[in-house]
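Number 156 in UniProt numbering belongs to position 156 of the sequence shown; there are no gaps in the numbering.
Report on one structure; see the data block that follows.
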Amino acid sequence: MLHIEDMRIRRGSDYQIVLPRLILGRGEVAAITGASGCGKSTLLEMIGLILRPDGLGQFRLGDADGLDVAALLRDDRQAQLADIRAQRLGFVLQSGGLLPFLSVQQNIELPRRMLGLPGKSELVDEAISRLRLQSLLGKLPAQLSIGERQRVSFVRAIAHEPDLLLADEPTAALDPLQAQRLFELIIEIVQRFQIAALLVTHDWDLVRDCAIRNIVGTLQGGTADASADGTVFHDAA
1 MLHIEDMRIR RGSDYQIVLP RLILGRGEVA AITGASGCGK STLLEMIGLI LRPDGLGQFR
61 LGDADGLDVA ALLRDDRQAQ LADIRAQRLG FVLQSGGLLP FLSVQQNIEL PRRMLGLPGK
121 SELVDEAISR LRLQSLLGKL PAQLSIGERQ RVSFVRAIAH EPDLLLADEP TAALDPLQAQ
181 RLFELIIEIV QRFQIAALLV THDWDLVRDC AIRNIVGTLQ GGTADASADG TVFHDAA
């Protein structure tokens, strides 16, 4: 569903962040881990088409041969890239990113309405139920706890049924018990609806306890994968 080869971006004159290879299937969940400042969020933003990579061999998204995202990037097809971000990707920001003047229900429905879809769907209804958000639908984000805002942000990110969910430290502001519960629910729901997911986290114990794939960034000097100093992301051994 997601196939990336040789993705890299420079940071400064002598440091780069490199993803040699990543293949992710529908319903597959992988964590992106590594030391603070190693480039986890930068990698997520490249995959999410927010940052433009400086080098890219292959980037395909979707079933069968998939959409050739690498070609769209090379040709600077900004309109098509914007459509992919809106229709086929879902984002959970560390800050939540909810619009403060909209209710919980309006925030959740917003991605679907912007795409001309009905406000509700089986996925949205099930996610709201599993995350116990029914009593919060009429509230504004300022009336929610941190944990509640993160749960709402997750539902909003998958409301339009994207191919790929990208979550940047979705549990960072939560206590350990809340973090584990939310992490487990994210995994359960994306697997149920066959959404591929990449979750940036600093919590190695959480990744181990949930038994999901771990793509770890290692700091290193010039290698075959990285001709300059930087971070290379590989599957953990």
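By construction, the Cβ of each residue, glycine as well, lies at the ideal position given by its N, Cα and C atoms.
The structure presented is a predicted model; accordingly, all values stated were derived computationally and were not measured.
Isoleucine 212 and phenylalanine 183 have their C-alpha atoms roughly 11 Å apart.
Judged by their CB atoms, leucine 136 and leucine 123 are not nearer to each other than the 8 Å cut-off. Note that the C-beta distance between leucine 117 and histidine 160 is below 8 Å.
In the DSSP assignment, arginine 74 falls outside any beta strand (DSSP E) and within the unbroken alpha helix (DSSP H) covering 69-74. By a beta-carbon distance limit of 8 Å, alanine 31 contacts leucine 199. Their separation comes to about 5 Å.
Residue burial annotation: glutamate 188 is exposed, with fewer than 16 other C-beta atoms found within 10 angstroms of its C-beta. For methionine 7, the pairing in a beta bridge is given by DSSP as Leu19.
For leucine 177, the enclosing alpha helix (DSSP H) starts and ends at 176-192.
Contact fails between the region 61-70 and the region 94-111, because fewer than three Cβ pairs, one in each stretch, are under 8 Å apart. If you draw a straight line from the Cα of asparagine 107 to the Cα of glycine 221, it is about 44 Å long.
According to the DSSP assignment, aspartate 168 belongs to the beta strand (DSSP E) that extends over 164-168. When Ala35, Arg11, Leu185, Ile4 are compared, the shortest CA-CA separation from valine 216 is found for Ala35. By the neighbour-count criterion, in which 16 or more other beta carbons inside 10 Å mark a residue as buried, aspartate 203 falls on the buried side. Burial state of serine 153 is buried, judged by a 10 Å Cβ sphere holding 16 or more other Cβ atoms.
In the structure shown, glutamine 58 adopts extended strand secondary structure according to DSSP, grouped into three states. With respect to arginine 26, isoleucine 4 sits apart: the two C-beta atoms are not nearer than 8 Å. DSSP links asparagine 214 through a beta bridge to Ala31. Cα atoms of cysteine 210 and aspartate 168: separation of roughly 17 Å, rounded to the nearest angstrom. DSSP lists Val29, Leu165 as the beta-bridge partner residues of alanine 197. Taking a C-beta distance under 8 Å as the contact criterion, proline 162 and arginine 113 do not qualify as a contact pair. Residue state for aspartate 83 is assigned as helix, using DSSP reduced to three classes.
Secondary structure of glutamine 150 (DSSP, three-state): helix.
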